[in-house]
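Each remark here refers to the structure printed beneath this line.
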Amino acid sequence: MSFDTDFFIISIEQKISIWNTSYTDYRNRDLKLKDWEDIGTTMNLNFKDFTGKQKDDYIKELQKKWKSLRDAFRKEHTKYDRSGSQASKKPKYCYYDALSFLTPTFTVRQTSGNISVFSLENTMDLEDTEDSPDIEIAASNDNPSRDLTAQIDTSMNTPFPTSILGTKKKHQ
Numbered sequence: 000m001s002f003d004t005d006f007f008i009i010s011i012e013q014k015i016s017i018w019n020t021s022y023t024d025y026r027n028r029d030l031k032l033k034d035w036e037d038i039g040t041t042m043n044l045n046f047k048d049f050t051g052k053q054k055d056d057y058i059k060e061l062q063k064k065w066k067s068l069r070d071a072f073r074k075e076h077t078k079y080d081r082s083g084s085q086a087s088k089k090p091k092y093c094y095y096d097a098l099s100f101l102t103p104t105f106t107v108r109q110t111s112g113n114i115s116v117f118s119l120e121n122t123m124d125l126e127d128t129e130d131s132p133d134i135e136i137a138a139s140n141d142n143p144s145r146d147l148t149a150q151i152d153t154s155m156n157t158p159f160p161t162s163i164l165g166t167k168k169k170h171q
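Under numbering that gives the first Met the number 0, the first residue of the sequence shown carries the number 0, and numbering increases by one thereafter.
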């Protein structure tokens, strides 16, 4: 007897307490266990005849399968969700459409870098004035763990650390 993944995904979708993190009873363990037992009964007609340990083992296998499906969907979804990324030539995940109900549960986390927005705005202001030097940001790989914010180049009146800045001559 083979495992019907499409039917499994449909069964999971109907049990909101398992997948919807914004659901009020999402953290209710008793409800989740009951829902997993319902899915176990749906997926295996002999589930009710299982012993306690067999039921637990079968539910753990279903949960493992669910985690694998969800993680694969999340990975594929983040590929398509990246701003500015080119379309992937690789075919999309075979269960992507079936698992699309998970999309609202993924929160987009704000990314951060090592240059503040304030510093970038100041750079843009400097580039707009004619008497300011042109600034070129160069990568420094000599010691990435070093605190770069302590080394400020005051001769150029810029908030950037000297170790990551380079100047270039203006072409006239």
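Think of the CB as a built atom: it goes at the ideal place given N, C-alpha and C, for glycine as much as any other residue.
With contacts defined by Cβ atoms closer than 8 Å, F105 and E12 do not form a contacting pair.
For T40, the CB contacts under 8 Å within the same chain, skipping 5 residues up- and downstream, are F46 and K47 in chain order. Between I58 and E36, the gap from beta carbon to beta carbon is short of 8 Å. Rounded to the nearest whole angstrom, the CA to CA distance from S67 to D29 is 23 Å.
The three-state secondary structure of L44, taken from DSSP, is coil.
For T20, the CB contacts under 7 Å within the same chain, skipping 5 residues up- and downstream, are T104 in chain order. I9 is classed as exposed because its beta carbon has fewer than 16 other beta carbons within 10 Å across all chains shown. Assignment of D34 by DSSP, reduced to helix, strand and coil, places it in the helix class. Across the structure, K52 and E60 are spaced so that their CA atoms are roughly 12 Å apart. Rounded to the nearest angstrom, the Cβ distance from K91 to E75 is 6 Å, consistent with a contact under 8 Å. With respect to the 8 Å criterion, T4 and Y94 are classified as neighbours on the basis of their beta carbons. In this structure, F72 sits away from M42, with a CB-CB distance that is not shorter than 8 Å. When rounded, the separation of the alpha-carbon atoms in R26 and L98 is 21 Å. Judged by beta-carbon spacing, K31 lies within the 8 Å limit of I17, meaning their Cβ atoms are closer than that value. Bounds of the alpha helix (DSSP H) holding S10 are T4 to Q13. Apart from the 5 residues on each side of it in sequence, T102 sits with its Cβ closer than 7 Å to the Cβ of H76 in its chain, given in chain order.
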